[in-house]
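Using UniProt numbering, read the sequence shown as starting at 1 and increasing by one per residue.
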Amino acid sequence: MRIGFVVSEVEDLVKTGGLADVGKALPIALTEMGHDVRIVMPMYQAIADHHRLSDACVSLNFAVEERQYQFAVKQLELHGVTVYLIDHAEFFQRAGLYSDGYDAYTDNGERFGFLANAALHAFSHVGFIPEVIHCNDWHTALLPFFIRYNPDNNINQEFAATRTVLTIHNAAFQGVFERSSVHMLAGNTAIEHFNHSEYVNFLQTGLQCCDGITSVSPNYAKELLTDLGSHGLSHILRRRQDRLYGVLNGCDYSQWDPQTDIHIKHHFNSQDMSGKKACKMALQRFAKLPKAAKIPIIGMVCRLTEQKGFGYIMPILERLLQHNVQLVIVGTGDPVVVEQLRHISAQFANKFSFIEGFSNEYAHWIEAGSDFFLMPSQFEPCGLNQMYSLAYGTLPIVRGVGGLKDTVIDLEQQPEQATGFVFLPPQPQALLDCIRRALLTYHESPEELAKMQQRAMQTKFTWSQAAAKYAEVYQQIL
């Protein structure tokens with residue numbers, strides 16, 4: 001198939017989160033299956049600064065009402081996949097992708113509305129008319145609308161047979177803007193069919209116009225049919241649930257493999273775990289915790305936000321630290337949470353190390369050296385850290401939501417297949433009870449724990465599996 005992949009960020013070029021992982025890995029996996037995949041994304045300042053680009057393969061312009069949009073399309077190759085970069089200095093030559101580091105850019109609606117329309121013009125002018133265009137999150141969600149309702153009739157005709165898929169990576173972020181701030185929609189009365197106020201919701205519009213909807217895990221697809229899980233979009237998703245597919249993200253094991261990980265000094269595998277013990281000692285040194293092989297370490301690397309479960313963690317943290325345990329949390333985020341973590345880590349300096357900041361190296365050290373990894377998320381569309389943890393024999397302690405439910409098997413529920421510890425009630429006490437089950441298993445059932453580690457390390461969630469599922473979705477909508 002000819003597949004266009006339109007996304008706002010791609011790992012190895014520019015990245016703010018897990019969306020970039022998908023933006024890189026899925027097109028590569030689809031290409032390896034034999035499909036012709038081309039990526040379209042913005043040419044941000046960070047890409048221009050760090051990558052060698054072709055000269056403009058085409059210079060384009062189109063008009064909306066009286067305004068002319070002029071831009072160039074540049075090109076590079078990324079692991080065998082062609083990437084077309086939309087070069088519009090006014091919109092994309094900025095320090096950040098979506099914000100200045102503190103506040104979102106006030107013209108984000110116009111910037112990413114432009115990206116959606118410009119992507120179609122770029123495909124047209126390079127002579128690549130996809131059978132399927134795969135859009136991702138709100139940033140590209142207007143593209144299915146522009147395929148149907150484009151001021152340029154040539155675009156409507158050229159893409160008449162093209163089908164669109166829109167992936168919801170996180171329904172909490174929908175791209176809501178005052179309609180008057182999105183000049184790209186000026187005079188386009190069709191938008192009123194999908195937005196009934198002076199605001200335009202990009203994600204909501206895309207969900208109503210696309211031919212197929214995917215989420216990043218099967219369980220998240222189910223949650224999206226509920227008012228709470230969909231963040232207010234369930235009425236649309238329930239109406240279109242025959243076009244809703246849950247496809248689990250893959251994991252990039254080329255970067256997350258304890259046998260080859262370049263960030264750790266001591267390698268290991270499921271047959272020889274001695275290197276993991278050495279990684280544990282190294283983590284204790286780094287975190288300035290007492291070296292003790294028999295004390296379990298719980299690690300956590302994440303944004304310090306309500307979504308990641310700190311509403312459950314903070315009320316029980318001091319009670320948890322009464323146990324024979326060590327805790328290492330690495331992250332940045334909510335200043336209130338940061339201050340609380342600083343205070344408690346000072347109180348329990350021999351048991352709890354809080355490291356404010358983030359680096360990829362730290363994340364690898366935590367995954368390799370911890371016995372358990374904590375992910376008590378309020379919601380988690382897919383999640384990647386639990387996949388990394390399984391690969392390193394670091395048993396996840398998770399809340400049974402979204403992709404966490406799809407990837408971690410609880411010891412009490414399925415003891416013969418268990419790979420971690422799962423709780424469901426959105427309550428601090430439920431989290432504490434779950435952690436206590438994990439600690440009890442560590443201290444009193446080491447043989448059971450070792451079996452769980454073996455199963456965890458043999459569990460794989462590959463991008464080739466995900467790509468095969470996406471290919472099935474494309475065929476369905478075609």
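All C-beta atoms in this analysis are idealised placements derived from N, C-alpha and C, irrespective of residue type, glycine included.
Check your understanding: Given a threshold of 16 other Cβ atoms within 10 Å of its Cβ, counted over all protein chains shown, does His121 qualify as buried or as exposed?
Key -> The count along the sequence shown starts at 1 and reaches residue 121 at position 121. Classification for His121: buried.
**Study point:** Option in Gly127, His193, Phe286 with minimal Cα separation from Tyr149
**Key:** Taking the first residue of the sequence shown as position 1, residue 149 is located at position 149. It is His193.
Exercise for review: Report the residue ranges of all alpha helix (DSSP H) runs contained in full by the stretch 413 to 471; include only those spanning at least 4 residues, in chain order.
Suggested key: 428 to 444, 446 to 458
Check your understanding: Are at least three pairs of beta-carbons, each pair with one atom in the stretch 85 to 104 and one in the stretch 142 to 157, less than 8 Å apart?
Key -> no
Review point. Do you know how far the Cα of Phe112 is from the Cα of residue 497?
Key: Any property of residue 497 remains undetermined from this structure, which presents the chain solely from 1 to 478.
Review point. With C-beta atoms as the reference, is Ile329 less than 7 Å away from Met375?
Key: Here residue 329 refers to the residue found at position 329 when the sequence shown is read from its first residue. Here residue 375 refers to the residue found at position 375 when the sequence shown is read from its first residue. The answer is no: Cβ separation not under 7 Å.
Point to revise | Reduced DSSP secondary structure (H/G/I, E/B, other) of Val247 | key: The sequence position of residue 247 within the sequence shown is 247, counting from 1. The answer is coil: DSSP assigns Val247 none of H, G, I, E or B.
Point to revise | Neighbourhood of Ala95 by C-beta, 8 Å cutoff - its chain only, sequence neighbours within 5 removed | key: Walking along the sequence shown from the start, residue 95 turns up at place 95. Only Gln45, Gly101 meet the Cβ criterion.
Check your understanding: What does Thr82 pair with, by DSSP beta-bridge criteria?
Key -> As a working note, residue 82 is residue 82 in the sequence shown. Note: Thr82 sits in a beta bridge opposite Arg38, Glu77.
Check your understanding: Taking Thr214 as the reference, which of Ile133, Leu432, His343, Ile264 has the closest Cα?
Key -> By one-based count along the sequence shown, residue 214 stands at place 214. The residue with the shortest Cα to Cα distance from Thr214 is Ile133.
Review point. Under a three-way DSSP split, which group does residue 505 fall into?
Key: In this structure the chain extends from 1 to 478, so residue 505 is not present and cannot be described.
Point to revise | DSSP state of Asn219 mapped onto helix, strand, coil | key: Taking the sequence shown and counting its residues from 1, one reaches residue 219 at position 219. DSSP places Asn219 in helix when its eight states are reduced to three.
Check your understanding: What's the call for Asn385, buried or exposed, on a 16-neighbour Cβ count within 10 Å?
Key -> Within the sequence shown, the letter at position 385 stands for residue 385. Asn385 is buried by the Cβ-count criterion.
Check your understanding: Counting along the chain, where does the beta strand (DSSP E) carrying Pro396 start and finish?
Key -> Taking the sequence shown and counting its residues from 1, the one referred to as residue 396 is at position 396. Segment 395 to 399, the beta strand (DSSP E) holding Pro396.
Exercise for review: Return the bridge partner residues of Ser305 from the DSSP annotation.
Suggested key: Position 305 of the sequence shown holds residue 305. At residue 305 the sequence reads Thr, which differs from the Ser that was named. Beta-bridge pairing links Thr305 to no other residue.
Exercise for review: Under 8 Å by Cβ, that's how I've got Leu439 and Gly420 pegged, so tell me the actual separation to the nearest angstrom.
Suggested key: By one-based count along the sequence shown, residue 439 stands at place 439. By one-based count along the sequence shown, residue 420 stands at place 420. 13 Å between Cβ atoms; not a contact.
Check your understanding: Could you give the C-beta distance for Gly402 and Pro381, rounded to a whole number, given that I count them as a contact under 8 Å?
Key -> Residue mapping note: residue 402 aligns to position 402 of the sequence shown, counting from 1. Residue mapping note: residue 381 aligns to position 381 of the sequence shown, counting from 1. Indeed, because the Cβ distance is near 5 Å, the residues count as touching under 8 Å.
Review point. Is the stretch 32 to 43 touching the stretch 2 to 22 in the sense that three or more CB pairs, one from each, lie closer than 8 Å?
Key: yes
Practice item. Note down the Cα distance separating Gln454 from Gln271, rounded to an integer number of angstroms. Key: Taking the first residue of the sequence shown as 1, we reach residue 454 at position 454. Taking the first residue of the sequence shown as 1, we reach residue 271 at position 271. Rounded to whole angstroms, Gln454 to Gln271 spans 8 Å at the Cα level.
Practice item. Specify the secondary structure class of Gly232 as computed by DSSP and reduced to three states. Key: For this step, residue 232 is matched to residue 232 along the sequence shown. Residue state, collapsed to three classes: coil.
Practice item. Given a cut-off of 7 Å, decide if Asn195 and Asn201 are closer than it, judged by their beta-carbon atoms. Key: Taking the sequence shown and counting its residues from 1, the one referred to as residue 201 is at position 201. Taking the sequence shown and counting its residues from 1, the one referred to as residue 195 is at position 195. In contact: Asn201 and Asn195 (Cβ atoms closer than 7 Å).
Practice item. Compute the Euclidean distance between the alpha carbons of Tyr388 and Glu367, then round it to the nearest angstrom. Key: Residue mapping note: residue 388 aligns to position 388 of the sequence shown, counting from 1. Residue mapping note: residue 367 aligns to position 367 of the sequence shown, counting from 1. Rounded to the nearest angstrom, the two C-alpha atoms are 7 Å apart.
Exercise for review: State the DSSP-derived secondary structure class of Leu13, mapped to helix, strand or coil.
Suggested key: Along the sequence shown, read from residue 1 onward, the residue named residue 13 stands at position 13. In the structure shown, Leu13 sits in coil (DSSP, three-state: anything other than H, G, I, E or B).
Exercise for review: Measure from the alpha carbon of residue 516 to the alpha carbon of each residue in Glu416, Ala161, Asp433, then state which is nearest.
Suggested key: The chain is shown from 1 up to 478; residue 516 falls before or after that span and cannot be answered.
**Study point:** Span separating the alpha-carbon of Glu131 from that of Ser180
**Key:** In the sequence shown, the residue the question calls residue 131 occupies position 131. In the sequence shown, the residue the question calls residue 180 occupies position 180. Whole-angstrom Cα-Cα distance: 33 Å.
Review point. Would you say the beta carbon of Ala391 comes nearer than 6 Å to a heavy atom of the ligand HEM?
Key: Ligands in the displayed structure: none, and consequently the ligand HEM is not present.
**Study point:** Option nearest Pro428 by Cα separation, candidates Ile129, Lys308, Tyr392
**Key:** In the sequence shown, residue 428 corresponds to position 428, counting from 1. Out of Ile129, Lys308, Tyr392, Lys308 has the C-alpha closest to the C-alpha of Pro428.
Check your understanding: Which same chain residues, not among the five before or five after Val178, have their C-beta less than 7 Å away from its C-beta?
Key -> As a working note, residue 178 is residue 178 in the sequence shown. According to the sequence displayed, residue 178 carries Glu and not Val. Glu198, Tyr199, listed in sequence order.
Practice item. Pick out whichever of Tyr69, Leu97, Gln68 has its Cα sitting closest to the Cα of Leu13. Key: Position 13 of the sequence shown, counted from the first residue, corresponds to residue 13. Closest by alpha carbon: Leu97.
Review point. I think Asp257 touches Ala391, with their Cβ atoms under 8 Å apart; what is that distance to the nearest whole Å?
Key: The residue you call residue 257 lines up with position 257 of the sequence shown. The residue you call residue 391 lines up with position 391 of the sequence shown. With a Cβ gap of about 7 Å, Asp257 and Ala391 count as contacting.
Practice item. Could you pull out every residue in the same chain whose Cβ sits closer than 8 Å to the Cβ of Gln458, ignoring the five residues on either side in sequence? Key: Taking the first residue of the sequence shown as 1, we reach residue 458 at position 458. So the qualifying residues of the chain are Ser270.
Practice item. Using the Cα positions of Ala63 and Ala118, report the straight-line distance between them to the nearest angstrom. Key: To locate residue 63, count along the sequence shown from 1; it is residue 63. To locate residue 118, count along the sequence shown from 1; it is residue 118. Cα to Cα, the separation comes out at about 11 Å.
Exercise for review: Put Phe146 into one of helix, strand or coil per three-state DSSP.
Suggested key: Residue numbering aside, residue 146 sits at position 146 when the sequence shown is read from its first letter. Phe146: helix per DSSP, three-state reduction.
Exercise for review: Determine the direct distance from the alpha carbon of Tyr442 to that of Ile47, and round the result to whole angstroms.
Suggested key: Locating residue 47 in the sequence shown gives position 47, counting from the first residue. Locating residue 442 in the sequence shown gives position 442, counting from the first residue. Approximately 46 Å, taken between the alpha carbons.
Practice item. Just list the beta strand (DSSP E) runs in the stretch 270 to 319, keeping only unbroken ones of 3 residues or longer that don't cross its boundaries, in chain order. Key: 297 to 301
Point to revise | Terminal residues of the alpha helix (DSSP H) in which His364 lies | key: Looking up residue 364 in the sequence shown gives position 364. Looking at the DSSP string, the run of the alpha helix (DSSP H) that includes His364 is 360 to 369.
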